[in-house]
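Reviewing the structure listed below.
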Amino acid sequence: DTGVSQDPRHKITKRGQNVTFRCDPISEHNRLYWYRQTLGQGPEFLTYFQNEAQLEKSRLLSDRFSAERPKGSFSTLEIQRTEQGDSAMYLCASSSHIGYEQYFGPGTRLTVT
Amino acid sequence: AQSVSQHNHHVILSEAASLELGCNYSYGGTVNLFWYVQYPGQHLQLLLKYFSGDPLVKGIKGFEAEFIKSKFSFNLRKPSVQWSDTAEYFCAVMSGGSYIPTFGRGTSLIVHP
Numbered sequence: 001d002t003g004v005s006q007d008p009r010h011k012i013t014k015r016g017q018n019v020t021f022r023c024d025p026i027s028e029h030n031r032l033y034w035y036r037q038t039l040g041q042g043p044e045f046l047t048y049f050q051n052e053a054q055l056e057k058s059r060l061l062s063d064r065f066s067a068e069r070p071k072g073s074f075s076t077l078e079i080q081r082t083e084q085g086d087s088a089m090y091l092c093a094s095s096s097h098i099g100y101e102q103y104f105g106p107g108t109r110l111t112v113t
Numbered sequence: 114a115q116s117v118s119q120h121n122h123h124v125i126l127s128e129a130a131s132l133e134l135g136c137n138y139s140y141g142g143t144v145n146l147f148w149y150v151q152y153p154g155q156h157l158q159l160l161l162k163y164f165s166g167d168p169l170v171k172g173i174k175g176f177e178a179e180f181i182k183s184k185f186s187f188n189l190r191k192p193s194v195q196w197s198d199t200a201e202y203f204c205a206v207m208s209g210g211s212y213i214p215t216f217g218r219g220t221s222l223i224v225h226p
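Residue numbers (my numbering), protein chains in the order written: chain A, 1 to 113; chain B, 114 to 226.
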């Protein structure tokens, strides 16, 4: 399967702990996106990379959130000092330089207790 | 900020009924338009897209959507739904020159056999 993969698929953590999620995009895709999705809502944009450069971050993204894509391939999303409000599905998507459509991974479901 | 409205949050149909899901957006310039679908237990996938040209676009599984610029709309249609069409449907809009889509909150479709 050469689709977008995410790890882990589920994460349960206690409030105040740090968590890190990984996304592996489709190999030839240069754009990578992170979204957050809560129940009954559509994906909400968090941040976007073109190759290794982080080009845009949502104003909704607090300082506790950071993302990297060090070699322009896989990406990590870290949430520091997690809060219960961070509980959500975190989606990763990638797209190629010649298209606008995005290919989504299965998501990482975060539960903060 | 751009916004996307999906007016029907929950739709319940019987097999063979016709389907139309509404999508309206707020951006007045050039847009790229998408419908994504999420089947139970699966990740988001592209159903169809509009970039330019014929405003009536056809997608997978017999779905089509019509771009009406004057109404800022991109409604999704299918003449005869099947039980396997049960899913969440998301409309997304990307303003011209941007690589970041805005998603609607989604419509949950349940098709009874």
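Ideal placement from N, C-alpha and C gives every residue a C-beta, glycine not left out.
Query	Result
Residues near Arg81/A in its chain [Cβ-Cβ closer than 6 angstroms; skip 5 each side]	Gly16, Arg64
Asn188/B classed as buried or exposed, judged by whether at least 16 other C-beta atoms fall within 10 angstroms	buried
Assigned exposure category for Ser75/A - 16 Cβ within 10 Å defines buried	buried
Beta-bridge pairing of Phe187/B - partner residues as DSSP gives them	Phe180/B
Contact list for the region 148-182 of chain B against chain A, Cβ threshold 9 angstroms	Tyr149, Gln151, Gln155, His156, Leu157, Gln158, Leu159, Lys162, Phe164
Under the three-state DSSP convention, the category Lys14/A falls into	coil
Chain-order list of residues whose beta-carbon lies under 7 angstroms from that of Pro214/B (same chain, five-residue window excluded)	Phe147, Ala205, Val206, Met207
For Trp148/B, the residue or residues it bridges with in DSSP	Leu161/B, Cys204/B
Cβ distance (whole Å) where Phe185/B is taken to contact Ser139/B below 8 angstroms	7 angstroms
Residues bridged to Pro50/A (per DSSP)	Per the sequence presented here, residue 50/A reads as Gln, with Pro not at that position. In DSSP, Gln50/A forms a bridge with Arg31/A, Ala53/A.
Contact with chain A by Tyr140/B, beta-carbon distance below 8 angstroms	no
Contacting positions in the region 48-63 of chain A - beta carbon closer than 7 angstroms to chain B	Tyr48, Glu56
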